[in-house]
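If you count by the working numbering, then the sequence shown holds residues 193 to 353, one letter each, in order. Heads up, the beta-carbon is just placed ideally off N, CA and C, and yes, glycines get one too. Just so you know, these numbers come straight off a predicted model, no measurement behind them.
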Amino acid sequence: MKALVVYDSVFGNTEKIARAIGSALGSPEDVGVMQVGKAGLEQLKGLSVLVVGSPTRAFNPTKPTTAFLKSLPSHTLDGVVVAGFDTRTNIDEAPGFLKFMVKFFGYAAEPIAKRLTKAGGKEAAAPAGFVVADTEGPLKDGELERAAVWAKQILETSGVD
Ligand SMILES: Cc1cc2nc3c(=O)[nH]c(=O)nc-3n(C[C@H](O)[C@H](O)[C@H](O)COP(=O)(O)O)c2cc1C
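Here it is as structure tokens:
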């Protein structure tokens, strides 16, 4: 089984989640963890699992993440198990108007997952969001562990091993 976790990260929190997901998916010989700027079609060859994650920025993935996803031609991910995740602000601490906006416009994980399935991927886990305490982090307690559980779920649902 060959898997790849592609991530973007401005302050390092999404990278930490991506690495936790990579470790849970398998050993470094089988599982790559790669910054989105380095990922292209070449890196997707022979993959069984592709996970993509981004910080939520203005309710969406980062520009490099969206550019990568948009660059995937139709059928690129046929037969590949996919899942999308994001990191996001702690909504409990956000002011009221922002809570409303976030509820209305959502987070990065959903559009990521949509684009992955549009390129042919088979979604194996619901889009997941991992919470940062402040804009720059740190991650909320327990989020790395939750990311590992989510990654294991991808393997279990898809039957890939
Ligand atoms: C310009 C900017 C826009 C942001 N927009 C959102 C947002 O729309 N929703 C949200 O939940 N968090 C938002 N955040 C918080 C980021 O999601 C948070 O900084 C990110 O998860 C940290 O991940 P990183 O360390 O990998 O960059 C925003 C942060 C910045 C700096």
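From the listed residues 224, 206, 318, the smallest Cα separation to residue 336 is found for 206. Minimum Cα-Cα distance from residue 301 among the listed residues 217, 237, 251, 240 corresponds to 251. Where residue 202 is concerned, there is no enclosing alpha helix (DSSP H), because DSSP gives it neither an H nor an E. Cβ atoms of residue 239 and residue 311 stay farther apart than 8 Å, at about 12 Å. For residue 339, the enclosing alpha helix (DSSP H) begins and ends at 335-350. DSSP lists 244 as the bridge partner or partners of residue 276.
Taking a C-beta distance under 8 Å as the contact criterion, residue 332 and residue 324 qualify as a contact pair. Using a cutoff of 7 Å, the CB of residue 302 does not count as near ligand 1, since none of the ligand's heavy atoms is closer than that.
Its chain contains 203, 281 as the residues whose beta carbon lies nearer than 8 Å to that of residue 327, once the 5 sequence neighbours on both sides are disregarded; these appear in chain order.
For residue 194, the secondary structure class from DSSP, reduced to helix, strand or coil, is coil. In the structure shown, residue 316 adopts coil according to DSSP, grouped into three states. The Cβ neighbour count for residue 276, taken over all protein chains shown within 10 Å, is at least 16; the residue is labelled buried.
With 16 or more other Cβ atoms inside 10 Å of its own Cβ, residue 313 counts as buried. The nearest non-hydrogen atom of ligand 1 is 7 Å or more from the C-beta of residue 338.
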